[in-house]
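Enquirer:
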Amino acid sequence: MPEGSFERMWADLAPVGRHPGTGGYRRYAWTRTDDTLREWFRAEAERRGLDVVPDRAGNLWAWTADPDAAGPGLVVGSHLDSVPDGGAFDGPLGVVSAFAALDDLRARGFTPSRPVGIACFADEEGARFGIACAGSRILTGALAADRARALTDDEGTTMAEALSAAGTDPRLLGRDDDALRRIGAFLELHVEQGRALADGAEAVGVGTSIWPHGRWRLDLRGRADHAGTTRLADRDDPMLGLAAAIQEARSAAERHGAVATIGKLRVRPNGVNAIPSEVTAWLDARGPLDEEVRAVVHEVGRAAGADPVEESWTPTTRFDGALRDRLATLLGTDDRSAPILATGAGHDAGILAAAGIPTAMLFVRNPTGVSHSPAEHAETADCLAGVAALARAIEALT
Ligand code: HGY
Ligand code: MN
Ligand code: MN
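In short: position in the sequence shown from 1, add 691, done, that's the working numbering.
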C-alpha cells in the first residue's frame, strides 16, 4: 500500500463532524456534515479512477469496473455516519480500509478478475431518523420508502424534507434491484464493538452472526401540572413508569441472558418545575435468542404500563458459512484459523445477508471494546493489519 495512504485518509476524515467539546462525532444522515463526508468519498473514489454510482436508497457505490457490463462484483465498504458523540472508527474504518486495500492491491500490480465496489451506506446508525441501517434497508426493500420518507428527526423534519434539502429527490427513494444485482458478495470490515479480540493474539477476526436486536418506543402519558403545588395523590407523573421501565430493562435482560438499555428520552414539556404530560422512551434490546429478547421487551412494557411500539427488528443474522470459513482459513496462520466471533451490533452486512446476498464481516481489534463513544479506539498497527487482511480477501475472492 502506498506509504501513508491509510493515515492520510484517516487524517482527512478526523475533523469532519467532530464535536470540539466531547471529541465525539455527530455525523447525521442528510446533514451538511453528511454532505462533506459524501464529497470526501467521491473525491477518494475519483482519485483512484473509480466510477461513483448512487442508488435509489441514498447509498454510494464506487466501482473499479462496470458491474452491469462485467458482471456482479465483490463489494467492500461500510458507513460514515455516527451515533451522537460516536467514535472515529465505527463505520469509517471500513470505508477507509476499503480504499487503502485497493491501493495495496494496485501497488502490488494485482488486477481483480471481476469488478470491486466500495460501498458507503447511508444512515447506518439511524441517529437522526431512528431506524438503523436505513440505507441498506431501503435498498433491499426491508424499509418501505413511504415509511422512510415520513420518518422525522427530533426537530420534526421528515427524511423526505432532509433529502430534498440535501439535493436528493425523495420521490426516487426505494428498493433498487439494479444496485442489488451488481453485488456478487459483500465483505464489511468493521472495528470490533466488544472484547472478543482484545485479549487475543490476532488483530483481525471473522464474523459469524449478528444477534437479534431491535428498537421499541414507549409512550408514557401523564398529566401536566405544577411540580410544587400538586399534591402527590393528585399526580399522574409518567416519570414513574419510565423509572420502572429503566430498572426492568436491566433486570429482565439479566433474567433472559440478553442486554437492554433505554438510551434516548423525550420529555414534554421538559421543565424542571412541571410534571410532564408525556415521556417518550426508546428501548434497545438484543441477545443471542430471539424469544428471550422479545420476553425482555414484553416485561419492560408491563413494568412501564405501556405497550412497546416496535420501530425496528432484526432477527438472528448468519453470515455466509462458506465465505466465513474461507476467510478464517485465509487469514489464519499455518496452525490455526483466524478467530471467529458473533456480534451484538447491527451492520449493513446483516441487512444484505438477510436479503440473500453472500455476506461476510471482518473485525479489527478494539483494545477496550468500547464503542458508540468518543473513547472508541483501534491501534494503527491493527488497522493496517485489517487493511492487509481485506486486501488478501479481495485478492482471494476476485
Ligand atoms: O446499533 C447498532 O448496533 C449499529 O451500530 N447500528
Ligand atoms: Mn454503530
Ligand atoms: Mn457500524
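Just so you know, even glycine gets a beta-carbon here, dropped at the ideal spot from N, CA and C.
According to DSSP, what are the bridge partners of Met1052?
Expert: Glu879
Enquirer: For my contact list, Leu911 and Ala995 are in at a C-beta cut-off of 8 angstroms; report their separation, rounded to the angstrom.
Expert: 6 angstroms
Enquirer: Kindly provide the chain-ordered list of residues whose Cβ lies closer than 5 angstroms to any non-hydrogen atom of ligand 3.
Expert: Going down the chain, each residue whose beta-carbon is closer than 5 angstroms to a heavy atom of ligand 3 shows up: Asp781, Gly782.
Enquirer: State the Cα-Cα distance for the pair Asn750 and Asp867, rounded to the nearest angstrom.
Expert: 10 angstroms
Enquirer: So, are the CB atoms of Glu1001 and Ala949 less than 8 angstroms apart?
Expert: Cβ distance not < 8 angstroms, so Glu1001 and Ala949 don't count as in contact.
Enquirer: Compute every distance between the C-beta of Glu815 and the non-hydrogen atoms of ligand 1, then say whether any falls below 7 angstroms.
Expert: yes
Enquirer: Opposite Glu893 in the DSSP bridges: which residues?
Expert: According to DSSP, which records beta bridges pairwise, Glu893 is partnered with nothing at all.
Enquirer: With respect to the alpha helix (DSSP H) encompassing His989, which residues constitute its N-terminal and C-terminal limits?
Expert: Here the alpha helix (DSSP H) through His989 covers 981 to 995.
Enquirer: How would you label Phe697, buried or exposed, when you count the other beta carbons within 10 angstroms and need 16 or more for buried?
Expert: buried
Enquirer: With a threshold of 7 angstroms (Cβ to nearest heavy atom), would His1063 be considered close to ligand 2?
Expert: yes
Enquirer: With a threshold of 7 angstroms, establish whether the CB of Gly996 neighbours any heavy atom of ligand 1.
Expert: no
Enquirer: Determine the closest residue to Gly865 out of Thr831, Thr848, Glu846, Arg922, with distance taken between C-alpha atoms.
Expert: Thr831
Enquirer: Where Asn964 and Ala818 are concerned, what is the direct C-alpha to C-alpha distance, given to the nearest angstrom?
Expert: 29 angstroms
Enquirer: Quick one: does the C-beta of Ala1036 sit closer than 7 angstroms to a heavy atom of ligand 2?
Expert: yes
Enquirer: Would the beta-carbon of Glu879 fall within 8 angstroms of that of Asp1039?
Expert: Taking 8 angstroms as the Cβ cut-off, Glu879 and Asp1039 qualify as a contacting pair.
Enquirer: Determine the closest residue to Phe820 out of Trp973, Pro803, Asp759, Asp746, with distance taken between C-alpha atoms.
Expert: Trp973
Enquirer: Report the residue from Pro1058, Ala1072, Arg718 whose alpha carbon sits nearest the alpha carbon of Ala889.
Expert: Pro1058
Enquirer: Given Ala940, which residues of its chain have a CB within under 8 angstroms of its CB, disregarding the five upstream and five downstream residues?
Expert: Ala951, Thr952, Ile953, Leu974, Ala976, Val987, Val991
Enquirer: Rounded to the nearest angstrom, what separates Leu1075 and Ala918 at their Cα positions?
Expert: 56 angstroms
Enquirer: Could you check what DSSP says for Gly762 in three-state terms: helix, strand or coil?
Expert: coil
Enquirer: Take Ala813 and list the residues in its own chain whose beta-carbon comes closer than 7 angstroms to its own, dropping the five residues that flank it on each side.
Expert: Ala720, Ala748, Gly749, Asn750, Ala825, Gly826
Enquirer: Anyone know if the C-beta pair for Ala1160 and Arg840 falls short of 8 angstroms?
Expert: The displayed coordinates of the chain run from 692 to 1089. Any statement about residue 1160 would go beyond what the structure contains.
Enquirer: Please list the terminal residues of the continuous alpha helix (DSSP H) segment that includes Glu786.
Expert: Note that residue 786 is Val in the sequence shown here, rather than Glu. Per DSSP, Val786 belongs to the alpha helix (DSSP H) from 783 to 798.
Enquirer: Using the Cα positions of Arg1083 and Ala853, report the straight-line distance between them to the nearest angstrom.
Expert: 39 angstroms
Enquirer: Does the region 1060 to 1071 come within contact of the region 897 to 912, defined as at least 3 CB pairs closer than 8 angstroms?
Expert: Verdict: no, contact absent.
Enquirer: Measure how close the beta-carbons of Met700 and Glu735 come, nearest whole angstrom, since I'm counting them as under 8 angstroms.
Expert: 6 angstroms
Enquirer: Give me, in chain order, the residues of the same chain whose beta-carbon lies closer than 7 angstroms to that of Ile1042; leave out the 5 immediate sequence neighbours on both sides.
Expert: Taken in chain order, the residues that qualify are Cys824, Ser827, Arg828, Thr831, Ala833.
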